[in-house]
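Reading through the structure tokens given below for one structure.
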Amino acid sequence: MTHSSPHQPRPLRVALVGNPNCGKTALFNQLTGSRQKVANYAGVTVERKAGWLITPAGRRVQILDLPGTYSLHATSPDEAVTRDVCLGVYKGEPAPDMLVNVLAATNLRLHLRFALELRQLGRPMLIVLNMVDAVRRQGLEIDVPRLQAELGVPVVTAIGIRRRGAAKLVQALDGPMPPAPTPLPEGTDLHAEVRRLMALCVRRTTDRNPRLDARLDRWVLHPVWGMLILLGLLFIMFQAVFSWAQPFMDLLQQSMDQLGAFVGTLLPEGILRSLIVDGVIAGAGTVIVFLPQILILFLWILALEESGYLPRAAFMLDRLMAAAGLSGRSFIPLLSSFACAVPGIMSTRTIQNPRDRMVTILIAPLMTCSARLPVYALLISAFVPSRTVLGLFNLHGLVLFALYAAGVLSALVVARVLKRRDTEEHPLLMELPGYRLPGLQSLSIELWQRARIFLSRVGTIILTLSVIMWALSSFPAPPEGTTGPAIDWSLAGRIGHLMQPLFSFIGFNWQICVALIPGLAAREVAVSSLATVYSVGASESDAAAQLVPLLSAQWSLATAFSLLAWYVYAPQCFSTLAVIRRETGSWRLVWISVFYLFGMAYAASFLTYHITRFFTG
Amino acid sequence: MRLNELPLHCQGIIDHVAPLTQPDPIARRLEEFGFVPGEPVTVVAYGPFGRDPMAVEIGFTRFALRQSEAARVVMQDTSRTPPAAGALDPALHTISPDSLEDA
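Those protein sequences? They're chains A and B, same order as listed. With positions in the first sequence counted from 1, the corresponding number in the working numbering is that position plus 137. With positions in the second sequence counted from 1, the corresponding number in the working numbering is that position plus 7.
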């Protein structure tokens, strides 16, 4: 199918462009399905999404999904990319053959203005009137042929979230190239032109009725109810991650156990079997088990994002963020950082103010990312009794909530300190998009991309580290006839013993010190490293389950809490540091992050350890 | 009167946007969002802490903005009797040019 014959013409290159919230991404996912490639634009850190479509007539079309923008007067790096690509001046990105301008039919007044601005460029252009189904529900009717005639640009309708909802667009891409429109005279008032078009082409069919948005916003933006809804949603999110994922995790665990046992019977006793079963399967297995939790978290965040709720949460929290010197805009990158700081830091690109952006990047690692969950989960189930509190909440969930809260509060304090000399105005000004049901297809494509990233991490970094850990803790082997644990003789044991004096002040034993090392590359590996160090998990991947009784017997409560506190702060993830470097282009900021986070981690663990010891004796 | 002084659930007509600095990117963005002379705007909600930020509606679009941002939007004097609020269609949003001239 991808084979191109010499007679085939050059593929058509089109760019999807439109306001934020015009449903462009759903349309893009619908058009290209899984034939997508996500990369960065050369020189800047703005995500470049491109995909392929093959029309029924066999025409190959490359579709570029440009970042959403309200105008060609860019106020952020994202918007600058869109402007430059549309103008055809972006270096390394040839001008698209045609601009496909996506308009939300439900929000025509706002989106038409940008369409007119694009039209002024005088480039071949096609307008897609998206979400036409929702317009009827608004009691409005759009005269599409009239609009097309007035604009002098072909207009097709689409329903981005419905199957085959983009059929007319695909059909149009098969047809001849539309002629370039003639721009309006210089200095035309585009708002006046929008009004004229609206008056001509939009008609009310039924009486206006209170819209869904208006009714929902009465609750969601309410000072009291809105706050309760927000807290409720966040709380359910944490409970879901902890309890709904369990059956799936059990299932994965069983399959990994069976795999380990099966492979164990195939291989002869010896180094190779130990490497495969204890190093590879047990190592990767302990981490793969957390896939359901990570997916549930991402599903929740993606659904909130697509439903239009996230900007409302930013609205509710803006004043609190302002107290920390930030704007509600920082809320979305910070919330994404709960899944993983890497996409979170990448999404700070939507923050226009450079200083706001820098501070948001610095505090993003304090948002508890999903990779910390395995460690939290292990320690909580080992040291916190599973009890129901107030007949409703699980004590495990409450402790988890407290750990998340500690990260958030510290982040606010750090931001406040970093911004204390700052007097500039920080804009919030943003659209509150209409509510909509997240499209299943779009959600599953996005979720699949996250799952792939996670699994490829398991396949590469985590697997490598598991094997290195296995080697470090297996060699050199103890001499014949010695008693005591073999790990004491190994390299890992020696490194752990070397680190221990520094960490003894915060209650870490040498086993923890050993597990911290691979945790630097990927936090979640700490669990499997502990399993290796305590030599459990041989031929079985449910290391976490086996570790629970061991740890609760060997560690004091103070040590466990100290390690939890360490994990709230420690910058133990090279990918986060790498993305900070990439997004800011500065090593200085990377070193600042490393030192301040390690400093806070040590201080917090020190305090936690000694306070817990004081109370538990 | 400024937009940030408009009471909850009340509708007003925008007179103009007053830039605070030259150039004022926030004022420009407001205009791109459709905060332009003659446009009816309704206050949808005030934030939970100190009435800040506020949410307003123009046509079918809702925006969140801080008090300082809303203070750039100057509202028409109500004594100039704009068309009755009920006569404005939030979707078609426009007042006919004639009624503007009458005012």
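Where a beta carbon is used, it is the ideal one built from N, C-alpha and C, also for glycine. Because the structure is a prediction, the values reported are computed rather than measured.
Note down, in chain order, each residue of its chain lying with its Cβ closer than 6 Å to the Cβ of B:Leu-37, except the 5 sequence neighbours on either side.
Val-24
So who's on the other strand from A:Gln-199, going by DSSP bridges?
A:Arg-150, A:Trp-189
Compare the C-alpha of A:His-95 against each of A:Val-545, A:Tyr-513, A:Ala-552, A:Leu-546 and name the closest.
Limits of chain A in this structure are 138 at one end and 754 at the other, which puts residue 95 of chain A out of reach.
For A:Ser-208, return the contacting residues in chain B, with the cut-off set at a CB-CB distance below 7 Å.
Glu-39
Look up A:Val-117 in the DSSP assignment and say whether it is helix, strand or coil.
Since the displayed chain A opens at 138 and closes at 754, residue 117 of chain A lies outside it and no answer follows.
Going by the CB atoms, is the gap between A:Met-737 and A:Ser-474 shorter than 8 Å?
no
Helix, strand or coil for B:Asp-109, going by three-state DSSP, please let me know.
Model confidence at B:Asp-109 stands at a pLDDT of 40, short of 50, so the residue's coordinates are unreliable; what they give is reported in the following sentence. B:Asp-109: helix per DSSP, three-state reduction.
Between B:Gln-83, B:Pro-44, B:Gln-29, B:Leu-27, which has its C-alpha nearest A:His-328's C-alpha?
B:Pro-44
Whose CA, out of A:Val-554, A:Gly-633, A:Met-606, A:Ile-717, lies closest to the CA of A:Ala-459?
A:Val-554
With 8 Å set as the bound, which would you pick, yes or no: does the beta-carbon of A:Thr-243 sit closer than that to a beta-carbon of chain B?
yes
Does DSSP classify B:Pro-89 as helix, strand or coil?
Because B:Pro-89 carries a pLDDT of 49, less than 50, the predicted location of this residue cannot be relied on, and the following value inherits that uncertainty. Coil.
Could you tell me whether the Cβ atoms of A:Gln-390 and A:Ser-507 are closer together than 8 Å?
no
Whole-angstrom distance between A:Leu-540 and A:Thr-192, CA atom to CA atom:
51 Å
Is DSSP giving B:Phe-1 helix, strand or coil here?
Given that chain B is displayed from residue 8 to residue 110, the structure contains no residue 1 of chain B and the question cannot be resolved.
Give the residues of chain B in contact with A:Pro-564, contact being defined as C-beta atoms less than 7 Å apart.
Ile-33, Glu-76
Of the listed residues A:Phe-751, A:Gly-297, A:Val-521, A:Leu-714, nearest to A:Phe-735 (C-alpha basis):
A:Leu-714
Residues near A:Thr-243 by beta carbon distance below 7 Å, same chain, minus five either side:
Met-268, Ala-271, Val-272, Gln-275, Gly-571
With 9 Å as the C-beta to C-beta threshold (strictly closer), list the residues of the segment 342-367 of chain A near chain B in chain order.
Arg-345, Arg-348, Asp-350, Ala-351, Asp-354, Arg-355, Val-357, Leu-358, His-359, Pro-360, Val-361, Gly-363, Met-364
Between B:Leu-72 and chain A, is there a C-beta pair that is closer than 8 Å?
yes
Could I get the ranges of all uninterrupted beta strand (DSSP E) runs contained in the segment 564-638 of chain A, with 3 residues as the minimum, in chain order?
567-569
Decide if A:Asp-757 is buried, meaning its Cβ has at least 16 other Cβ atoms within 10 Å, or exposed.
Chain A is shown only over 138 to 754; residue 757 of chain A falls outside these bounds and no answer can be derived.
Minimum length 4: unbroken alpha helix (DSSP H) runs contained in the segment 297-371 of chain A
304-311, 327-338, 349-357
Around the C-beta of A:Val-361, are 16 or more other C-beta atoms found within 10 angstroms, so that it is buried, or is it exposed?
exposed
Where B:Ile-80 and B:Arg-58 are concerned, what is the direct C-alpha to C-alpha distance, given to the nearest angstrom?
Inspection of the sequence shows that residue 80 of chain B is occupied by Val rather than by Ile. If I take the Cα positions, the gap works out to 17 Å.
Between B:Val-51 and chain A, is there a C-beta pair that is closer than 8 Å?
yes
DSSP on A:Arg-557, reduced to helix/strand/coil?
coil
Could you pull out every unbroken alpha helix (DSSP H) segment of at least 4 residues lying fully inside the segment 456-529 of chain A, listed in chain order?
468-476, 478-483, 491-500, 510-520
Residue(s) in a DSSP beta bridge with A:Gly-155:
A:Val-239
Looking at the unbroken beta strand (DSSP E) that takes in A:Ile-279, where does it start and where does it end?
277-279
For chain A, is any of its Cβ atoms less than 8 Å away from the one on B:Met-82?
no
Looking only at its chain, what residues have a beta carbon closer than 6 Å to the beta carbon of A:Ala-675, apart from the 5 residues adjacent to it on each side?
Because A:Ala-675 carries a pLDDT of 42, less than 50, the predicted location of this residue cannot be relied on, and the following value inherits that uncertainty. Excluding residues within five positions, the ones whose Cβ falls inside 6 Å are Asp-415.
Cβ separation of A:Pro-318 and A:Met-235, assumed to be a contact under 8 Å, to the nearest whole Å
The Cβ separation is near 12 Å, so there is no contact.
Beta-carbon neighbours of A:Met-448, restricted to chain B and to distances below 8 Å
According to the sequence shown, residue 448 of chain A is Pro rather than Met. Within chain B, the residues near A:Pro-448 are Ala-71.
Tell me which residue opens and which closes the beta strand (DSSP E) that B:Phe-68 is part of.
With the sequence shown as reference, residue 68 of chain B is identified as Thr, and Phe is not the correct amino acid for it. Residues 68-72.
Whose C-beta lies closer than 6 Å to the C-beta of A:Ser-141 among residues of the same chain, with five residues either side of it excluded?
A caution first: A:Ser-141 carries a pLDDT of 45, below 50, which makes its placement in the model too unreliable to give a value.
Which one of A:Glu-287, A:Ile-264, A:Ala-478 has the shortest CA to CA distance from A:Pro-315?
A:Ile-264
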